[in-house]
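If you're matching positions, the sequence shown starts at 1 in the UniProt record's numbering and goes up one per residue. Even glycine gets a Cβ: it sits at the ideal position worked out from N, Cα and C. Here the structure is a predicted model, which is why all the values come from computation and not from measurement.
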Amino acid sequence: MKLLVAEDEPKTGTYLQQGLTEAGFNVDRVMTGTDALQHALSEAYDLLILDVMMPGLDGWEVLRMLRAAGKDVPVLFLTARDGVEDRVKGLELGADDYLIKPFAFSELLARVRTLLRRGNGSPTQTTMKMALSELSVAVV
Numbered sequence: 001m002k003l004l005v006a007e008d009e010p011k012t013g014t015y016l017q018q019g020l021t022e023a024g025f026n027v028d029r030v031m032t033g034t035d036a037l038q039h040a041l042s043e044a045y046d047l048l049i050l051d052v053m054m055p056g057l058d059g060w061e062v063l064r065m066l067r068a069a070g071k072d073v074p075v076l077f078l079t080a081r082d083g084v085e086d087r088v089k090g091l092e093l094g095a096d097d098y099l100i101k102p103f104a105f106s107e108l109l110a111r112v113r114t115l116l117r118r119g120n121g122s123p124t125q126t127t128m129k130m131a132l133s134e135l136s137v138a139v140v
């Protein structure tokens, strides 16, 4: 599974990338909202982990632009913005989950796995269809 982590704080970004890689994920990492948007629009990801406060575009705007472009990839906000109104805003913009920093890596990993399990298939895995008469079977 391929993940994009958008985190502008170098230590946190490295921690996330190393931990998720050790958990078996293929992880791309960017440090600005502009780079996050560019990667998310040009590559196929199974999940995005976005900080809210980033240089360039903030996480809210990245998500807004992705949803406007028709990208329905699962998004988890990972941010220090801990107000109820911030969490509601993120979810109403189309985020699938919202986790507040500081966080336990085990909880983040559980949330990532849950979002991936709920997904409608992986855009990074090839799906092959075989048609037999009127029967169609999708082999993943």
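Grouping DSSP H, G and I as helix and E and B as strand, with all else coil, what is residue i?
i    : result
A44  : coil
D97  : strand
K71  : coil
M130 : A caution first: M130 carries a pLDDT of 44, below 50, which makes its placement in the model unreliable, though a value can still be read off. M130: strand per DSSP, three-state reduction.
F103 : coil
E22  : helix
Compute the beta-carbon to beta-carbon distance between residue i and residue j, rounded to the nearest angstrom, for a pair I have assumed lies under 8 Å.
i   : j    : result
D97 : L115 : 6 Å
G57 : V75  : Rather than Gly, the amino acid found at residue 57 in this sequence is Leu. That pair is no contact at about 14 Å.
L37 : M65  : 6 Å
Just list the residues that DSSP pairs residue i with in beta bridges.
i           : result
R29         : V5
T79         : I100
residue 147 : Residue 147 cannot be examined here, being either before or after the span of the chain that is shown, 1 to 140.
On a CA-only basis, which of the options is nearest residue i? Give me that one, please.
i    : options                  : result
K101 : V88, F77 and A23         : F77
D51  : R87, R118, R113 and E107 : R87
P10  : M1, P55, K2 and A23      : P55
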